[in-house]
Each structure stands twice: as structure tokens, then as C-alpha cells.
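Residue 9 is where the sequence shown starts when you use the numbering used here, and the numbers rise one by one after that.
Glycine included, C-beta positions come from ideal geometry on N, C-alpha and C.
The structure presented is a predicted model; accordingly, all values stated were derived computationally and were not measured.
Let me begin by presenting the structure, written as C-alpha cells, before commenting on it.
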Amino acid sequence: MSTVKTQYRDDAILVGLDKPEKRNAMDEQMIEELHKVLDSAVRGEPRVLVLYSLVENVFVSGADIGELLHRDADSAMRSIVAGLFEKLERYRWPTIAAIDGYALGGGCELALACDFRLASPRSRFGQPELDLGILAGAGGNWRLPQVVGISTARRLLYTGEIIDADKALLVGLIDEIVPEDELLDSCLKLVETIGKRSWRALELTKLSLSLNRQPTTTFDIVSQALLFESEDKKVRMQAFLDRKARKNR
Numbered sequence: 009m010s011t012v013k014t015q016y017r018d019d020a021i022l023v024g025l026d027k028p029e030k031r032n033a034m035d036e037q038m039i040e041e042l043h044k045v046l047d048s049a050v051r052g053e054p055r056v057l058v059l060y061s062l063v064e065n066v067f068v069s070g071a072d073i074g075e076l077l078h079r080d081a082d083s084a085m086r087s088i089v090a091g092l093f094e095k096l097e098r099y100r101w102p103t104i105a106a107i108d109g110y111a112l113g114g115g116c117e118l119a120l121a122c123d124f125r126l127a128s129p130r131s132r133f134g135q136p137e138l139d140l141g142i143l144a145g146a147g148g149n150w151r152l153p154q155v156v157g158i159s160t161a162r163r164l165l166y167t168g169e170i171i172d173a174d175k176a177l178l179v180g181l182i183d184e185i186v187p188e189d190e191l192l193d194s195c196l197k198l199v200e201t202i203g204k205r206s207w208r209a210l211e212l213t214k215l216s217l218s219l220n221r222q223p224t225t226t227f228d229i230v231s232q233a234l235l236f237e238s239e240d241k242k243v244r245m246q247a248f249l250d251r252k253a254r255k256n257r
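This is how it looks when you write it as C-alpha cells:
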């Protein structure tokens with residue numbers, strides 16, 4: 009069953025994430041499906057891309073830890089998640105993340121790869137990767153400081169602190185707080201405003217803004233590959249899965 013649902017409008021592509029049994033934890037299936045959506049969208053008519061969740065009170069809860077536990081250095085070097093987020097960031101036209109609920113780890117990084125982030129009051133954000141013995145290697149290590157500043161990024165990355173929507177707005181992680189029942193409509197109003205502009209000029213403006221970025225993706229990929237082989241990573245991820253299993257009994 010597909011984990012990604014798409015709806016095409018004249019001015020937008022609505023991309024819904026739908027993996028309720030794993031609270032939208034990103035696995036290889038979801039990543040591959042999102043790659044296909046982006047590959048198709050970039051060849052189509054100009055449209056704003058809106059990412060949202062079809063699962064209650066969660067945007068993306070992070071990566072599928074059960075999968076990550078068994079990934080090794082070779083799979084980390086393939087960097088399928090970082091590659092997806094780079095593709096999203098390079099999408100020719102504006103992108104919006106509509107966040108209602110938890111956006112943790114890869115979920116926060118997915119939102120960071122979008123141009124705009126609108127969130128409901130119950131949303132929560134964090135980068136807890138160090139608890140699992142790995143990096144925020146899908147862009148968190150360099151997109152986060154670009155968005156919130158180096159001091160706030162250090163705090164979030166080093167401590168794994170989970171912040172609420174008010175704090176996220178204060179530090180600039182999100183652009184606006186919107187009631188959950190108005191979230192998608194607010195995104196579509198933003199789409200309408202953007203769509204009144206020249207699509208060609210929008211595309212070139214987005215490209216110009218991206219030219220000043222200096223990502224450290226190579227360092228992150230190699231570092232992540234080393235960590236994926238570590239015993240510490242395996243112990244920490246297994247402990248996470250054990251705690252989750254006990255909680256679900």
C-alpha cells in the first residue's frame with residue numbers, strides 16, 4: 009500500500025504522508041515514493057508543492073529505527089534520505105511544509121528542506137539523533153543553523169531537546185502557527201499568493217537564494233557511514249526499540 013498520496017491542483021501539488029501504523033516514520037518505501045513524486049513534479053507545470061500528514065497529530069516521527077538498526081556504512085554512503093531532501097530543496101518552485109504534530113529527526117529535517125513551514129499549536133520539533141548514536145545527517149547539521157542560528161542549533165542538536173510550536177516560532181524554525189483545522193487552508197492561501205507571481209521569476213529567485221548555501225553534505229555522509237558501523241549505534245537503537253515494545257504492550 010502506498011505511503012504517499014498526491015493530489016494535483018492548477019497551482020499546487022498536495023503530497024500527503026500516510027503511514028499510520030508507524031506514525032509516518034520514514035522508511036525506504038516512503039523515501040522512494042517521495043523521490044518519484046518529485047521526479048514527476050519537476051517535469052510538470054509550475055506548481056507549489058505542499059507536504060502534509062494524513063496521520064493524526066504527527067508530521068513525521070523520524071526514521072524507521074527498525075530499518076536503521078540494520079543499515080551499515082555502505083547503505084549510509086548511499087544517503088537516500090539526504091538525497092531526497094536535497095532534491096526537495098532543489099525543487100524548481102516553492103515548497104511548503106504543513107506540520108500538525110510531531111516533526112522529529114528526519115521529520116524536522118524534511119520540514120527544514122522546505123521553503124515555508126506552517127505548524128499547528130500542538131506541533132513539536134527536535135533532532136534526537138545523537139541519542140541513537142548517529143548524526144542529523146540528512147541536512148539537520150547544516151540546514152538547522154542556517155534557519156535558527158548556530159547557538160540555537162547547537163542546543164537542539166547537542167541536547168536532543170524537543171520544543172513546542174511557540175518556541176519554534178520564536179527561534180525562526182517555523183514561519184507561522186495556525187490552528188490544525190485551518191492549516192491546509194492557510195497553506196493554500198499562501199499558494200494562491202505565490203501563484204500570482206511570475207513562475208519563471210520565482211524559479212530564478214529560488215535558484216539565486218540557493219547559490220549562497222555551502223552544505224557540508226560530504227562530511228555528513230562519511231561521518232554517518234562511520235557511525236552506522238559502530239556498536240554504540242546498535243546498542244542505542246536496540247534500546248530504543250525495546251523501550252517502544254514495552255510501551256506498546
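- Annotated three-state conformation of Glu137 is helix, per DSSP.
- In this structure, the CA atom of Arg125 is about 11 Å from the CA atom of Ala173.
- By the neighbour-count definition (other C-beta atoms within 10 Å, threshold 16), Tyr99 is a buried residue.
- Selection Thr14, Arg55, Ser238, Ala119 evaluated against Val66 yields Ala119 as nearest (Cα-Cα).
- Close CB contacts of Thr14 within its chain, under the 8 Å cut and outside five residues either way in sequence, are with Ile21, Leu22, Val23, Gly24, Val45 (chain order).
- Taking each of Arg132, His78, Met38 in turn and checking the Cα distance to Arg244, the smallest one comes out for His78.
- Taking 8 Å as the cut-off, the beta carbon of Leu42 is found closer than this to the beta carbon of Leu92.
- For Ser61, no alpha helix (DSSP H) run applies; the uninterrupted beta strand (DSSP E) run containing it begins and ends at 56-61, by DSSP.
- Secondary structure of Leu219 (DSSP, three-state): coil.
- Burial state of Asp108 is buried, judged by a 10 Å Cβ sphere holding 16 or more other Cβ atoms.
- DSSP, reduced to helix, strand and coil, places Ile202 within a helical segment of the structure shown.
- Remark: C-beta atoms of Arg162 and Glu117 do not approach each other more closely than 8 Å.
- Taking a C-beta distance under 8 Å as the contact criterion, Ala90 and Gly147 qualify as a contact pair.
- A straight line joining the alpha-carbon of Leu212 with that of Ile104 spans about 18 Å.
- Straight-line measurement puts the Cα of Gly145 at about 6 Å from the Cα of Gln232.
- Excluding the 5 residues flanking it on each side, Leu76 has same chain C-beta neighbours closer than 7 Å at Met245, in chain order.
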